[in-house]
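If you're matching positions, the sequence shown starts at 1290 in the working numbering and goes up one per residue.
Glycine included, every Cβ here is placed at the ideal spot set by N, Cα and C.
Quick caveat, the model's predicted, so the values are computed rather than measured.
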Amino acid sequence: MPGDRDPGLSDDPGAAAGELGQATQPPPLDSDESRSATPQRRGWLVPVCAVTAAILALGAQDFATHQPPPPEPAPATVTVPAGRAELIVRDGDLVEASGSVVGGELCAPTPVFSDPCPYGIWAPGVWPTGGATLRGRWHQGWLSNIRRMPYAPTSAGTLEESDLPDTPPCPAPAGGWRDGEDWVDDQVHEYLQAHADQFAEPFATHVGNARILVVEVVSGDVDQARAALTAIYTDNLCVVAAPGGHSIAAENRLQATTGEAVAALMDGTGRSGIYMASSKDGKIRVMMVQLTQPLYDKLAAIGLDHLILDPWIRPAGP
C-alpha cells in the first residue's frame, strides 16, 4: 500500500476516428465559462496542510445506466508546465480531451462521485460511454466538428498517483515493526507545528499490517529530531533526513497566500471552471476544465510563478 499523507479539504457542492454530427443549436449554457446540470453540486478540493483539515464523505453514484467503460489504458503522463499562455483555448480552436460521456456531455475527471458529470462540455452527437477521446472545435462550453479518436486518456486535469514510498525509508528496529494501525499522532503533529521550519508534512506507510509514521527532517540535526520525537511517540516511527525539502512552514505560507487566492476563484458556482487544486513541488497545481483568457488573467494576477496550470481540455494544434 503506498504511503499517504492525510486527506485535504473537499467540498461536494476507443474507436476508430470518424466524423460525428454537429448540432445546429447547442443547449443553453449555465455560465460564461462552463456548464453543469447541477451547479449546487460543484466540487472543489484544496489539499492543505493536513493537521487540521477535514474531508467530507462523497456519496457513491451508480453509473449502470450508461455504457460500461472500455478497458482502461494506462494514462499517458502529461508534462504540466507553469504559466503557459499557449494552453489558453479560444473560440474555434481545435482541442482534445478524454473522459466519460454522460447525457451529451464530455465530463471532466473530477473526484465528485455524487454527480456523474459535475463539470463538462457539450459534445453533440456522441453516445454515452465510460471513456472517449474527442477532438473538435471549442466554443463557449461546447464542441463542434467532433472527431472521435482512439481512446487515449492522459493525466491532464486528474489527480496524480502518490509519489510517496511504499515502504518506510529507514530500517526496521531490532524487534521489527509492531503490527497494528496506530492513528494517534496528535503529539507528533503538535511538535512538528511548533518546529514547522524543520520538518516536512509527515505521512504514513506500511510493512505488512504495521503502520509506520514517517517524519522528514528538512533542516537541522536529524539525530536530535529523532530523539525528541521518540520521547513523545512510542508507536512505529521513521525519522529521516530530507535536506532542502518543502517544510510545513513553507506549505503553510503557500496555502495562506496562493492557496487562498485560488480557493477564492472556486466560489462554488463553477463559473471559473476550476474544479480542484493541490500542492505540488512548492506550488499550487490548478486543475480546470479549460484555460480561457479571462481565467488566465485572474491566475496571472495571483502569480504564475507559484502556480502549475493544468487544464483538462488542451489545444490540439492549428
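Through-space distance from residue j to residue i, alpha-carbon basis
i, j, result
"Pro1454", "Pro1400", "23 Å"
"His1595", "Ala1421", "32 Å"
"Gly1509", "Gly1571", "20 Å"
"Leu1383", "Ala1605", "5 Å"
"Ala1234", "Leu1423", "The question about residue 1234 has no answer here: the residues shown for the chain are numbered 1290 through 1607."
"Glu1449", "Ser1389", "18 Å"
"Pro1457", "Ala1538", "23 Å"
"Met1576", "Pro1600", "6 Å"
"Leu1580", "Ile1377", "5 Å"
"Ala1499", "Asp1586", "48 Å"
"Asn1541", "Gln1482", "10 Å"
"Pro1284", "Pro1398", "The structure shown does not extend to residue 1284, since the chain is modelled only from 1290 through 1607, so no value can be given for it."
"Pro1439", "Val1528", "47 Å"
"Ala1520", "Gly1497", "25 Å"
"Gly1332", "Leu1554", "Model confidence at Gly1332 stands at a pLDDT of 27, short of 50, so the residue's coordinates are unreliable; what they give is reported in the following sentence. The alpha-carbon atoms of Gly1332 and Leu1554 are separated by roughly 13 Å."
"Gln1487", "Ala1531", "10 Å"
"Arg1523", "Pro1460", "Sequence check: residue 1523 is Thr here, not Arg. The alpha-carbon atoms of Thr1523 and Pro1460 are separated by roughly 16 Å."
"Gly1562", "Val1507", "36 Å"
"His1495", "Ala1485", "25 Å"
"Ser1567", "Ile1573", "6 Å"
"Pro1491", "Gly1465", "21 Å"
"Gly1559", "Leu1543", "23 Å"
"Thr1443", "Ala1589", "25 Å"
"Ala1386", "Cys1396", "9 Å"
"Ile1501", "Ala1516", "17 Å"
"Pro1608", "Ser1433", "Given a span of 1290 to 1607 for the chain in the structure shown, any question on residue 1608 remains unanswerable."
"Glu1505", "Ala1514", "10 Å"
"Ser1451", "Leu1593", "24 Å"
"Ile1597", "Ala1463", "43 Å"
"Ser1403", "Val1511", "45 Å"
"Gly1533", "Val1391", "46 Å"
Supposed contact pair residue j and residue i - C-beta distance, whole angstroms, cut 8 Å
i, j, result
"Ile1602", "Trp1427", "7 Å"
"Ile1435", "Gly1425", "4 Å"
"Glu1394", "Gly1409", "4 Å"
"Ala1493", "Val1503", "7 Å"
"Trp1411", "Gly1430", "6 Å"
"Ala1545", "Ile1591", "The pair is not a contact, with the Cβ atoms about 13 Å apart (cut-off 8 Å)."
"Tyr1564", "Leu1518", "No, Tyr1564 and Leu1518 are not in contact; Cβ-Cβ is about 37 Å, not under 8 Å."
Opening and closing residue of the beta strand (DSSP E) in which residue i lies
i, result
"Leu1423", "Thr1418 to His1428"
"Glu1479", "Premise fails: Glu1479 lies in the alpha helix (DSSP H), Asp1475 to Ala1483, not in any beta strand (DSSP E)."
"Ala1386", "Leu1383 to Val1391"
"Cys1396", "Glu1394 to Cys1396"
"Arg1467", "First-last for Arg1467: undefined, no H or E at that position."
Local conformation of residue i per DSSP, three classes
i, result
"Pro1413", "coil"
"Gln1487", "coil"
"Asp1594", "helix"
"Leu1376", "helix"
"Pro1600", "strand"
"Ser1451", "coil"
"Ala1445", "coil"
"Val1617", "Here the chain comprises residues numbered 1290 to 1607, so residue 1617 is not present and cannot be evaluated."
"Gly1431", "Correcting the residue identity first, residue 1431 is Trp in this sequence and not Gly. Strand at Trp1431."
"Ala1463", "coil"
"Ala1342", "Legend: pLDDT at Ala1342 = 29, less than 50; position of this residue unreliable, value from coordinates given subsequently. It is coil, neither helix nor strand."
"Gln1356", "Residue confidence for Gln1356 is low, a pLDDT of 33 falling below 50, so the modelled location carries little weight; the figure read from the coordinates is stated next. Of the three classes helix, strand and coil, the one that applies to Gln1356 here is coil, per DSSP."
"Ala1371", "Confidence is the limiting factor: at Ala1371 the pLDDT is only 47, short of 50, which leaves the residue's position unreliable and the question unanswerable from this model."
Residue i: CB within 8 Å of a non-hydrogen atom of the ligand COA
i, result
"Thr1399", "Ligands in the displayed structure: none, and consequently the ligand COA is not present."
Opening and closing residue of the alpha helix (DSSP H) in which residue i lies
i, result
"Leu1584", "Gln1582 to Ile1591"
Those runs of the alpha helix (DSSP H) which lie wholly inside the region 1489 to 1575 and span at least 4 residues
1511 to 1519, 1537 to 1543 and 1549 to 1554
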